[in-house]
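Chains as they are written, first to last, in the numbering used here: chain A, 588 to 773; chain B, 18 to 90. Ideal Cβ placement from N, Cα and C applies to all residues, glycine included.
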């Protein structure tokens, strides 16, 4: 599927994984795709988000708020109250089992040493599918970063939509902004 | 104030919210580490009985808790 992605769309997917790792989240969700897309250069997605005055740093704060301390990650503060340095535990664990090893929940399948490959959430996978559909509908043979953002927005609810809501960005208006930019670029 | 003293004070706090939150965080951490270590042991050929013995649980309990995640490994 990724062979039909533009370079920027592919970079966004790679960057989304990186965003998840940086936040120590054990999954790649739509919110990480959103962060990656906002950080793009010269894409319909990044420009549309910039038009609403939100930058990656702001969105990241909202991602952290929306996820919550016990939500996706381990509660570093609470562990510190017991004298446990989570960073130290993470370092040692990752030395043995690879990057992101401690971030994967105990219920998630997959070998710990599979190169730190944290999985996509079902919503994130859905976003990729919807991005493909959006590209096909608009007569493109390539899926661009803009189509990825549409794939994220065109769902009823996901982490990214919650982040956008918290950041005061109306999804409908954002969708229009992206669509217009994609149309004028075609 | 010395950081060590601060930590000790938080840990011995009589506020249940603080204490229970710390327990939950510790349990989450233990669960993740247990999953990593059990997977690692299985990959190195340890039997469920051997793993259970180290964990101090029954073979059945270890298998029930971890086997599904590993799906026949």
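- Query: Taking DSSP as the reference, what is the three-state secondary structure of residue 592 of chain A?
  - Reply: strand
- Under 7 Å Cβ to Cβ from residue 632 of chain A, same chain only, skipping five residues before and after it: list those, please. 624, 732, 733, 735, 736 and 765
- Query: Taking DSSP as the reference, what is the three-state secondary structure of residue 639 of chain A?
  - Reply: coil
- If you measure from the CB of residue 65 of chain B, is any heavy atom of the ligand HEM nearer than 7 Å? Ligands in the displayed structure: none, and consequently the ligand HEM is not present.
- Check the Cβ of residue 652 of chain A against every Cβ in chain B and list those closer than 7 Å, keeping chain order. Simply none; closest approach about 17 Å.
- Specify the secondary structure class of residue 40 of chain B as computed by DSSP and reduced to three states. helix
- What is the rounded straight-line gap between the Cα of residue 668 of chain A and the Cα of residue 39 of chain B? 7 Å
- Task: Compare the beta carbon distance of residue 653 of chain A and residue 749 of chain A with 8 Å and say whether it is the shorter of the two.
- Result: yes
- Item | DSSP bridge partner residues for residue 707 of chain A (one or two, in chain order) | A/615
- Roughly how many whole angstroms lie between the Cα atoms of residue 83 of chain B and residue 65 of chain B? 9 Å
- Which of the three DSSP states, helix, strand or coil, is assigned to residue 651 of chain A? helix
- Query: What in chain B is Cβ-close to residue 676 of chain A, meaning under 9 Å?
  - Reply: 46 and 50
- For residue 680 of chain A, the first and last residue of its enclosing alpha helix (DSSP H): 673–684
- Task: Please classify residue 548 of chain A: is it buried, with 16 or more other beta-carbons within 10 angstroms of its beta-carbon, or exposed?
- Result: Given that chain A is displayed from residue 588 to residue 773, the structure contains no residue 548 of chain A and the question cannot be resolved.
- Going by the CB atoms, is the gap between residue 641 of chain A and residue 711 of chain A shorter than 8 Å? no
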